[in-house]
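Colleague: Below is the structure I would like to discuss, written out as structure tokens.
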Ligand SMILES: Cc1ncc(C[n+]2csc(CCOP(=O)(O)OP(=O)(O)O)c2C)c(N)n1
């Protein structure tokens, strides 16, 4: 998952750390410093500390492979979830990887009852927390003695401490500098770090995103320097790392302006947003290709915060705004996002209906377009495109208690959609209008797949 995915999985992460795992459990999480395609720049390394789980940070493709194996070994040995923390460049880079021959022992099949470990009531969780802290201390000792950390001799000052992709930038920016490369960044091998700092005196921590390493290392009483505050924002690269090392305070060059992203020509979302704009709606949007409707020429989205919030923020606006504005609020959410985290919003809408009612538009393009046309439960196909049961979105809404649920096949039924939207906004009813038209790119691919299966 990416960093924001871990927010959704965080509940599991924290409590699985207590309950422990009997097989291997590795969370592969890719951060997106610079926000190439994300809504925030959060740093997953804070999660590892907060949840008290080990974390490995590979610096290249080979290490991504090797550390995955290591992460599973650590997870199985100590019965603890492990985070493998990647970032944009590690995830997007491609190099030849040599893989080992890993004999995979067949796990013991069957369920072993151990409610004191698997049922996290407070009476079980209290000793579980103690067990977790003991495990973590053992892992810290292991990391000091045999962890995947590397000291590279060199000359000159400052000496560098780094991890992940920043290590690769360090090597290119200052090939002569002594470097301590940390492979496991929670729990930290503080003994190794302290010895390195003692030896070199002036040590500079080079890291992307938050000042995580520098804060943790200083917290252990080791005196190291960190980057200037401005480098907390955006991705690092070789020239930015050179600037950090030399203390160069000159502004970064403006990135070349690319063409702004926009919805594809012929995208079914366009029709809906043109109508919402024409009707001067206040649009509580969600995450997907359709978020691009916020940009010109559509300029037809007013809020977007996280997956599922299209419905719930829209409900909040309906409750809080004066009636003339509340009536114009429409929640918009994609089909995949609806399945992922929109259903609870529908339940909330039925349970706590705003006085002016509410209207939710579900943009059903039959795919998860934005992240690469993945299938989802409402497409009726599994991720490998094999046929399976289809979850019917309209049945979910009706089942939750929404009376006015209508499906429109766009763009043919655009006028009908416009008329029904107007009626819904004028009434105090709860309405779900499903705008259905398959994404053209998905349709093309499905046709190809079906042809290949003939
Ligand atoms: C918590 C979280 N998980 C995953 C993502 C990545 N993500 C971005 S858009 C999207 C789904 C979009 O699908 P859909 O709602 O069907 O809209 P479409 O792109 O097809 O228009 C996902 C999973 C995210 N932004 N946040």
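Residue numbers (our numbering): 667 to 1120. For glycine and all other residues, C-beta sits at the position ideal for the given N, C-alpha and C.
Would you check if the distance between the CB atom of residue 871 and the CB atom of residue 891 is smaller than 8 Å?
Modeller: If you number the chain shown from 1, residue 871 lands on position 205. If you number the chain shown from 1, residue 891 lands on position 225. Yes, the pair counts as a contact, with Cβ atoms nearer than the cut-off.
Colleague: Closer than 6 Å by C-beta to residue 860: which residues in its own chain qualify, once you throw out the five before and the five after it? Chain order, please.
Modeller: Locating residue 860 in the chain shown gives position 194, counting from the first residue. 888, listed in sequence order.
Colleague: What does DSSP give as the partner residue(s) for residue 1024 in the beta ladder?
Modeller: Taking the first residue of the chain shown as 1, we reach residue 1024 at position 358. Its beta-bridge partners are 1096.
Colleague: For residue 848, which three-state DSSP category applies?
Modeller: Working through the chain shown from its first residue, we reach residue 848 at position 182. DSSP places residue 848 in strand when its eight states are reduced to three.
Colleague: Could you check how far apart the C-beta atoms of residue 1043 and residue 1096 are, in whole angstroms? I think they sit under 8 Å.
Modeller: The count along the chain shown starts at 1 and reaches residue 1043 at position 377. The count along the chain shown starts at 1 and reaches residue 1096 at position 430. At roughly 23 Å, the Cβ-Cβ gap does not stay under 8 Å, so residue 1043 and residue 1096 are not in contact.
Colleague: Which residue spans inside the region 918-963 form an unbroken alpha helix (DSSP H) run of at least 4?
Modeller: Counting only runs of 4 or more, we get 935-944.
Colleague: Go ahead and label residue 1022 buried or exposed: buried means 16 or more other beta carbons lie within 10 angstroms of its beta carbon, across all protein chains shown.
Modeller: The residue you call residue 1022 lines up with position 356 of the chain shown. So residue 1022 counts as buried.
Colleague: Starting from residue 978, trace the alpha helix (DSSP H) in both directions and tell me its first and last residue.
Modeller: In the chain shown, counting from the first residue as 1, residue 978 sits at position 312. Residue 978 -> alpha helix (DSSP H) spans 975-986.
Colleague: Please list the terminal residues of the continuous beta strand (DSSP E) segment that includes residue 1071.
Modeller: Numbered from 1 along the chain shown, position 405 holds the residue referred to as residue 1071. Taken as a continuous stretch (DSSP letters only), the beta strand (DSSP E) holding residue 1071 covers 1070-1075.
Colleague: What do you get for residue 667, buried or exposed, if any count of 16 or more other CB atoms within 10 angstroms of its CB means buried?
Modeller: Locating residue 667 in the chain shown gives position 1, where the first residue counts as 1. Exposed: under 16 other Cβ atoms inside 10 Å.
Colleague: So the candidates are 820, 740, 901; which of them puts its Cα closest to the Cα of residue 709?
Modeller: The sequence position of residue 709 within the chain shown is 43, counting from 1. Minimum Cα distance to residue 709 is reached at 901.
Colleague: If you reduce the DSSP assignment to three classes, tell me which class residue 969 lands in.
Modeller: For the purposes of this step, residue 969 is identified with residue 303 of the chain shown, where counting begins at 1. It is a strand residue.
Colleague: What are the uninterrupted segments assigned as alpha helix (DSSP H) that are 4 or more residues long and contained completely in the region 1035-1092, given in chain order?
Modeller: Entirely contained in the region 1035-1092, the alpha helix (DSSP H) runs reaching 4 residues are, in chain order, 1059-1066, 1080-1092.
Colleague: Could you give the first and the last residue of the continuous alpha helix (DSSP H) run that contains residue 1115?
Modeller: Taking the chain shown and counting its residues from 1, one reaches residue 1115 at position 449. Looking at the DSSP string, the run of the alpha helix (DSSP H) that includes residue 1115 is 1106-1119.
Colleague: I'd like to know whether the C-beta atoms of residue 1076 and residue 1056 end up nearer to each other than 8 Å.
Modeller: Residue numbering aside, residue 1076 sits at position 410 when the chain shown is read from its first letter. Residue numbering aside, residue 1056 sits at position 390 when the chain shown is read from its first letter. Contact flag unset, no.
Colleague: I need the straight-line Cα distance from residue 712 to residue 1036, nearest angstrom please.
Modeller: In the chain shown, residue 712 corresponds to position 46, counting from 1. In the chain shown, residue 1036 corresponds to position 370, counting from 1. C-alpha separation (whole angstroms): 27 Å.
Colleague: Can you tell me whether DSSP reads residue 898 as helix, strand or coil?
Modeller: Position 232 of the chain shown, counting from 1, holds the residue named residue 898. Residue state, collapsed to three classes: helix.
Colleague: Only counting the same chain, and skipping five residues up and downstream in sequence, which positions put a Cβ closer than 8 Å to that of residue 971?
Modeller: Walking along the chain shown from the start, residue 971 turns up at place 305. Once the five neighbours on either side are set aside, the close Cβ partners of residue 971 are 705, 979.
Colleague: Going by alpha carbons, who is nearest to residue 690 out of 703, 928, 747, 731?
Modeller: Here residue 690 refers to the residue found at position 24 of the chain shown. It is 747.
Colleague: Name the two residues that bound the continuous alpha helix (DSSP H) containing residue 1000.
Modeller: Within the chain shown, numbered from 1, the residue matching residue 1000 stands at position 334. Per DSSP, residue 1000 belongs to no alpha helix (DSSP H); it is in the beta strand (DSSP E), 995-1000.
Colleague: Taking the C-alpha atoms as reference points, what is the distance between residue 790 and residue 796?
Modeller: Start at 1 with the first residue of the chain shown, and residue 790 comes out as number 124. Start at 1 with the first residue of the chain shown, and residue 796 comes out as number 130. Going by the C-alpha atoms only, they are around 11 Å apart.
Colleague: Beta strand (DSSP E) containing residue 869: first to last residue?
Modeller: Within the chain shown, the letter at position 203 stands for residue 869. Element bounds for residue 869: 869-872.
Colleague: Along the chain, where does the alpha helix (DSSP H) containing residue 677 start, and where does it finish?
Modeller: Numbered from 1 along the chain shown, position 11 holds the residue referred to as residue 677. 669-685 is the extent of the alpha helix (DSSP H) around residue 677.
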